Structure formats: C-alpha cells, structure tokens
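Chemist: Got a structure here, written out as structure tokens. Questions coming.
Numbering (our numbering), first residue to last: 2 to 438.
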C-alpha cells in the first residue's frame with residue numbers, strides 16, 4: 002500500500018547549488034524513494050508540517066496562491082451566514098473547513114479553520130454563494146456528516162510564488178517558492194515565445210525538443226494549391242501559437258501567428274490531396290510562420306536501476322525516469338491496490354485479433370505507431386503489461402461492428418506486433434512517498 006513517512010537525514014547535500022530543491026520551515030517537499038534508493042521529487046503538491054497534511058496550490062479570494070489542504074465546505078445555521086458548521090460526505094472527514102468568497106461565479110477560499118467535533122445535523126442550513134447568504138434549506142442527505150468549526154489556521158508563510166524568468170538562455174527554469182523558504186524548479190520557460198514548454202511526452206528520445214505547453218490555434222488550411230502556405234482559422238481573439246499534426250508522419254509542427262490574412266482561396270489537405278474549399282470556413286484567417294524549437298539533451302544520471310533524467314543544464318528534471326534493467330523510460334503510476342510503481346511509458350494499445358478467417362482462434366497483439374516521428378515502443382500497458390515483440394507478418398482478422406469476421410484493417414502507419422506474457426507487477430520498481438525535513 003502507499004506509505005507516507007518522514008525521511009530522516011538521507012538526502013544529498015545540495016547547499017552549494019542555489020537552484021537546488023529545499024524544504025521550508027513549514028512547507029516540506031514531497032518525494033518518492035524507490036527500492037534502489039532513487040529519489041523522485043513531487044512538483045504538484047507538498048506537505049504542511051504544521052497541519053500534518055498534504056497541501057496543494059490554490060488561488061484564494063485575496064488573489065494570492067497558498068498551499069492549501071483538502072477541506073470541507075462551511076455551511077451556516079443562521080440567515081446572516083455567521084454561525085458555521087462543517088459538512089462532509091462520507092465517514093472520513095477532512096481536517097479543515099473553508100469559507101468561500103464568490104468571484105464571477107467561481108468559489109475562492111477566503112479563510113481556513115480546523116474541523117471540530119461531530120455534531121447533530123441542523124434542521125435547516127444556509128449557504129454562502131455569489132448571491133450572498135442563501136437559504137434556508139433542509140438537508141436530508143444521509144451521507145452528510147456535520148462537525149463544529151475550530152480555530153482559524155494561519156496561512157501567511159504558506160503563500161506560493163512563481164519566479165520571474167531570469168537568464169540569457171532561451172530556456173530557463175521556473176521556480177516555485179513559499180514564504181517559509183521552500184523552493185523547487187517546476188517548469189521550463191521558453192523566453193523567445195514567452196510561454197512554458199515541456200518535454201514530458203518524449204519517452205526514450207535523446208535528445209528531444211521543448212514543445213510549447215499551450216497552443217490554442219490549429220493550422221488546418223492553406224492559401225496555395227500546394228498546401229505549403231499555412232493559415233489559421235480564427236473565430237475569436239487570435240492565438241499566440243498554433244500547431245499542425247501530420248497524420249502521415251506523426252510529426253507535430255509549431256507556428257507563430259502573424260498578421261490577419263485575406264486569402265483569395267483557401268485549401269485543405271485531405272489525405273494526400275490539396276483541395277480548394279468552396280465556402281468560407283472562418284470569420285478571420287491569420288498567417289503562420291514556422292517556430293523553431295530548442296533541442297534539449299536528455300541525460301541519464303544516477304547509479305541505481307532507475308536513473309533520473311537531467312535536461313541539459315536546467316534545474317528542472319524530466320518527469321520520467323530511465324529503468325536500466327528494462328531498457329526503457331518509466332513513469333510513476335498509482336495502481337488499484339495502492340502501490341506506486343514506475344511503469345514503462347507506452348502509447349501502444351492492446352487489441353484482440355484472430356489468426357483464422359472464421360475468428361475462432363483469438364490472440365492479443367500490440368498496435369504500434371511506426372511513422373517517422375513516432376517514438377520507439379518496447380512495452381504495452383493495459384490491464385497487464387507485456388513486452389512488445391516483432392511485427393506480425395501472417396494474416397490477422399478482427400470482428401467488425403456487425404460481428405462478421407474480416408481482415409484486420411489498421412490506419413496507415415500502424416502495425417500489429419506480437420507480445421510476450423503478462424509481466425508480474427513486482428517486475429516494476431516500487432516507490433514510497435515521504436517528505437523531506
């Protein structure tokens with residue numbers, strides 16, 4: 002099962018590196034320690050040592066962000082919404098109760114309290130909404146459990162800030178810090194485009210590129226009959242960046258948005274044909290020029306079975322680890338039984354096919370993308386995990402939607418591969434979650 006413990010004194014000394022991750026006096030870094038001693042730090046949540054609870058970045062009603070534990074909602078027993086009770090669904094109560102302020106219909110935490118003792122359900126309740134104190138309501142939900150509200154929680158030193166990008170390099174680290182001294186690099190920032198970028202999807206690729214984390218435009222049309230001059234259809238404000246995914250190669254290209262265009266004709270790629278559109282498909286069109294991405298070295302570090310992956314000279318590591326025993330990148334996964342294990346990264350899918358034209362002899366294969374830009378796949382993950390073998394060259398068959406048996410039909414660029422036997426979960430490294438003093 003998933004374990005949570007205090008790690009005592011086992012961390013390396015990073016004091017010489019001002020960019021090194023460190024816990025604060027109150028807010029502690031959370032990490033995962035694998036069986037071989039490899040450490041992987043969590044960047045999505047932390048541990049509030051004063052409250053004895055995990056906490057998450059959340060924007061409050063004052064506009065600042067704080068590391069906030071999971072809470073129950075405050076309900077009220079009078080029409081002025083001045084007498085609070087905490088209500089939770091189910092028998093397991095969070096340790097804290099939050100009051101909310103509504104801004105543009107969005108509830109934002111305004112204050113935090115410790116939860117008190119169980120109490121009897123009130124006959125009627127009021128609720129604070131964007132319309133004010135609304136009620137009364139009769140609460141007849143038998144799964145609700147009611148609690149008194151205890152003392153307020155101080156949150157000043159749990160305020161979270163994100164650093165402003167610094168440095169002359171195009172790619173720089175973004176750090177998350179708290180008022181009590183906690184620090185960790187959480188993102189990579191591309192100063193040329195003014196946005197974070199990521200390498201998370203590039204398992205087993207060395208080197209790779211840092212791709213924009215947000216592209217809200219899509220290149221789907223062109224202004225020439227060769228479909229070589231891209232434009233972006235826009236119905237609202239123009240996007241900053243756009244992308245185009247080539248189904249034939251699996252490659253994704255990125256573009257900057259330029260000025261608004263008034264094309265005489267608009268073309269679209271349909272398969273391998275460039276087809277002129279006879280009607281206008283968008284209110285506005287904007288030009289798009291190719292964006293050159295930055296190459297990033299992925300470098301294995303460490304001596305154990307699992308190797309953290311450094312990204313060039315950045316302090317922000319890859320979110321994947323390299324499993325030297327299996328020869329593949331892996332990612333931490335929470336399994337149904339509660340275990341945390343590093344499982345091979347895979348976009349292949351398991352598919353039931355048949356080896357005979359009557360569809361009476363079933364077998365499972367891995368469907369693997371094999372286009373120019375598709376990453377290599379060595380394992381397939383489904384209910385179980387299998388090693389991927391060679392390409393199936395013998396005829397295969399599948400049941401169609403009307404339950405007739407026909408030849409296996411796959412999209413161009415995808416191939417069926419044989420698979421090995423299901424691997425026991427113990428094959429994959431186990432992690433224990435801890436927090437750092």
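Even for Gly, the Cβ is constructed at its ideal location relative to N, Cα and C. None of the values given here were measured: they were computed from a predicted structure.
Here's the rule: buried if 16 or more other CB atoms are within 10 angstroms of the residue's CB, otherwise exposed. What is residue 220?
Modeler: buried
Chemist: Roughly how many angstroms lie between the CA atoms of residue 5 and residue 217, to the nearest whole one?
Modeler: Low local confidence applies: a pLDDT of 48 at residue 5 is under 50, so the model's placement there is unreliable, with the coordinate-based value given in what follows. Distance between the alpha carbons of residue 5 and residue 217 is about 39 Å.
Chemist: Out of 316, 345, 310, 340, state which residue places its alpha-carbon closest to the alpha-carbon of residue 327.
Modeler: 345
Chemist: If we count the other Cβ atoms within 10 Å of its Cβ and call it buried at 16 or more, is residue 14 buried or exposed?
Modeler: Bear in mind that the predicted position of residue 14 carries a pLDDT of just 48, short of 50, making it unreliable; the figure below should be weighed with that in mind. Per the 10 Å Cβ criterion, exposed.
Chemist: CA-CA distance, residue 71 and residue 97?
Modeler: 7 Å
Chemist: At a cut of 8 Å, does the segment 325-344 reach the segment 243-255 through at least three beta carbon pairs?
Modeler: No contact exists between the segment 325-344 and the segment 243-255.
Chemist: Spell out the partners DSSP gives residue 58 in its beta bridges.
Modeler: Under the DSSP definition of a beta bridge, residue 58 partners with 68.
Chemist: Measuring straight from C-alpha to C-alpha, what distance separates residue 292 and residue 253?
Modeler: 11 Å
Chemist: Quick check: what's the CA-CA separation for residue 398 versus residue 414?
Modeler: 18 Å
Chemist: What does the alpha-carbon distance come out to for the pair residue 431 and residue 302?
Modeler: 19 Å
Chemist: What does DSSP give as the partner residue(s) for residue 254 in the beta ladder?
Modeler: 245
Chemist: Since residue 117 and residue 148 are thought to touch, with beta carbons under 8 Å apart, how far apart are those beta carbons, to the nearest angstrom?
Modeler: 5 Å
Chemist: Relative to the alpha-carbon of residue 81, which residue among 363, 135, 28 has its alpha-carbon at the smallest distance?
Modeler: 135
Chemist: By the three-class DSSP mapping on this structure, what secondary structure does residue 427 have?
Modeler: helix
Chemist: Please work out which residues of its chain come closer than 7 Å, Cβ to Cβ, to residue 78, disregarding the five sequence neighbours upstream and downstream, and give them in chain order.
Modeler: Non-local C-beta neighbours of residue 78 in its own chain, meaning closer than 7 Å and more than five positions away in sequence, comprise 84, 86, 123, 126, ordered along the chain.
Chemist: Using the Cα positions of residue 317 and residue 372, report the straight-line distance between them to the nearest angstrom.
Modeler: 30 Å
Chemist: Tell me which same chain residues have a C-beta within less than 6 Å of the C-beta of residue 23, skipping the five on either side of it?
Modeler: 184
Chemist: Who are residue 134's beta bridge partners in DSSP?
Modeler: 129
Chemist: Using the Cα positions of residue 28 and residue 192, report the straight-line distance between them to the nearest angstrom.
Modeler: 29 Å
Chemist: Ignore the nearest five residues each way along the sequence and tell me which others in residue 205's own chain have a CB closer than 7 Å to its CB.
Modeler: 329, 330, 376, 377
Chemist: Candidates 173, 21, 389: which alpha carbon is nearest residue 421's?
Modeler: 389
Chemist: Taking the beta strand (DSSP E) that residue 390 falls in, what are its first and last residues?
Modeler: 386-392
Chemist: How is residue 49 classed by DSSP in three states: helix, strand or coil?
Modeler: strand
Chemist: Are there 16 or more other CB atoms within 10 angstroms of the CB of residue 25, so buried, or fewer, so exposed?
Modeler: buried
Chemist: Using the three-state DSSP reduction, which class does residue 236 fall into: helix, strand or coil?
Modeler: coil
Chemist: Between residue 112 and residue 130, is the Cβ-Cβ spacing less than 7 Å?
Modeler: no
Chemist: Would you kindly report the start and end of the unbroken beta strand (DSSP E) that includes residue 329?
Modeler: 329-335
Chemist: Assuming the contact rule is C-beta atoms closer than 8 Å, residue 386 and residue 393 should be a hit. Round their C-beta distance to whole Å, please.
Modeler: Not confirmed; about 19 Å, so no contact.
Chemist: For residue 47 and residue 121, what's the separation of their Cα atoms in angstroms?
Modeler: Computed Cα separation, rounded: 34 Å.
Chemist: Determine the contact status of residue 282 and residue 234, defining contact as a CB-CB distance below 7 Å.
Modeler: A Cβ-Cβ contact shorter than 7 Å links residue 282 with residue 234.
Chemist: Can you look up residue 121 in the DSSP assignment and give me helix, strand or coil?
Modeler: coil
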